[in-house]
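What follows is a short report on a single structure.
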Amino acid sequence: MLDENLARIRVHRDNIRRYRNLLETQLSELERQFIERRISEEKSALEALTSEVFPIALTLPLSRRIAA
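Under the numbering used here, think of the first position of the sequence shown as 1348, with each following residue one higher.
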């Protein structure tokens, strides 16, 4: 199960990378909007899956995040 979830995470990351590369090409405004929407959807799916697979978030305290 973990292997499947890690593969899904990898697919979402690859899709985001692929869409970002497309944004560097010459696109119509409609195409650009579509790709930006897809990136947003992929990021949301990646965040949801990541929080499901790795439920413990390792974050710095707020004061350290501000100082960094």
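Positions of the beta carbon are idealized from the N, C-alpha and C atoms, including for glycine.
Nearest-angstrom Cα separation, counted from residue j out to residue i
| i | j | result |
| --- | --- | --- |
| V1400 | I1356 | 9 Å |
| L1369 | D1350 | 29 Å |
| R1364 | V1358 | 10 Å |
| S1375 | A1392 | 26 Å |
| R1385 | A1354 | 19 Å |
| N1352 | S1387 | 20 Å |
| R1367 | Q1380 | 12 Å |
Per-residue burial, residue i [other beta carbons within 10 Å of its own, 16 or more giving buried]
| i | result |
| --- | --- |
| E1389 | buried |
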